[in-house]
């Protein structure tokens with residue numbers, strides 16, 4: 001019996017194709033796809049950086065609750081793209097963070113590492129896409145292995161053990177938290193003692209709520225530019241801009 005199929009309107013390519021939000025194809029096609037996405041995200045980071053000059057609190061919330069999740073799916077589904085995400089990390093580090101925090105110093109590796117930690121650990125939750133890519137892709141592969149095996153075996157009746165998946169998620173979450181604690185301990189070993197004291201204060205119960213809460217003006221919580229920048233500077237012991245060098249009592253200002 002001869003089957004007749006109509007493939008009119010079907011695009012055939014030998015390089016690759018976008019598939020379910022990711023991409024399938026040759027290494028060159030994958031690289032081109034990721035580079036285009038990164039270019040788009042860098043522009044979006046630039047837009048937020050411009051807004052951060054006047055509304056840093058709103059921009060911080062928009063980045064941590066929204067924008068940085070835009071590249072999560074690509075990190076999870078496409079392997080070996082850490083180096084391709086470097087321009088995005090450079091944009092965050094050299095453009096976004098200085099605009100957000102109004103820093104007058106270069107953000108070094110230790111400070112960048114600190115800011116990438118969760119707020120409850122003394123960070124700001126501004127993660128590095130370059131550093132997280134391989135880990136998230138590896139976790140995604142482990143998490144979907146059971147389903148992948150069933151698809152390969154064409155097992156339409158088999159069911160995935162949801163309890164096993166839940167336990168695997170918990171294990172991954174614990175591993176991620178432990179890794180952050182280890183990174184924090186390393187930072188404590190190399191950072192100035194005054195900064196370490198500030199980190200300990202930021203780890204106290206409820207101390208990071210002001211960072212994780214959404215800035216909703218109707219609810220009475222929305223910091224203006226000076227309030228947000230000063231709050232972050234005081235949290236890490238950084239210089240507060242605009243303060244006089246001496247107190248009204250005549251002594252040097254120690255804030």
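Residue numbers (our numbering): 1 to 255. Where is the CB? At the ideal position from N, CA and C, for every residue including glycine.
Given residue 122, which residues of its chain have a CB within under 6 Å of its CB, disregarding the five upstream and five downstream residues? 199, 202, 203
Taking buried to mean at least 16 other C-beta atoms within 10 Å of its own C-beta, is residue 221 buried or exposed? exposed
On the three-state DSSP scale, how would you describe residue 46? helix
Alpha carbon to alpha carbon, how far is residue 133 from residue 53? Give it in angstroms, no decimals. 29 Å
Measure the alpha-carbon distance for residue 29 versus residue 89 and round it to whole angstroms. 22 Å
Rounded C-alpha distance that separates residue 223 from residue 56: 8 Å
Classification of residue 20 by the beta-carbon crowding that lies within 10 angstroms, buried from 16 upward: exposed
Quick check on residue 107: does DSSP put it in helix, strand or coil? coil
Considering only the beta carbon of each residue, do residue 91 and residue 46 sit closer than 8 Å? yes
The region 141-157 touching the region 179-194, judged by at least three CB pairs closer than 8 Å: no
Looking at the strands, I want to know which residues DSSP matches up with residue 221. 216
Classify residue 119 as helix, strand or coil using the three-state DSSP reduction. helix
Beta-carbon proximity list for residue 139, same chain, < 6 Å, skipping 5 on both sides: 172
Restricting to Cα atoms, I'd like to know which of 241, 100, 237 is closest to residue 191. 237
What three-state label does DSSP hand residue 79 in the structure shown? coil
Assigned secondary structure, residue 95 (DSSP; H/G/I helix, E/B strand, else coil): helix
With a 10 Å radius around its C-beta and 16 neighbouring C-beta atoms as the bar for buried, classify residue 239 as buried or exposed. exposed
Separation of residue 176 from residue 86, as counted between CA atoms: 21 Å
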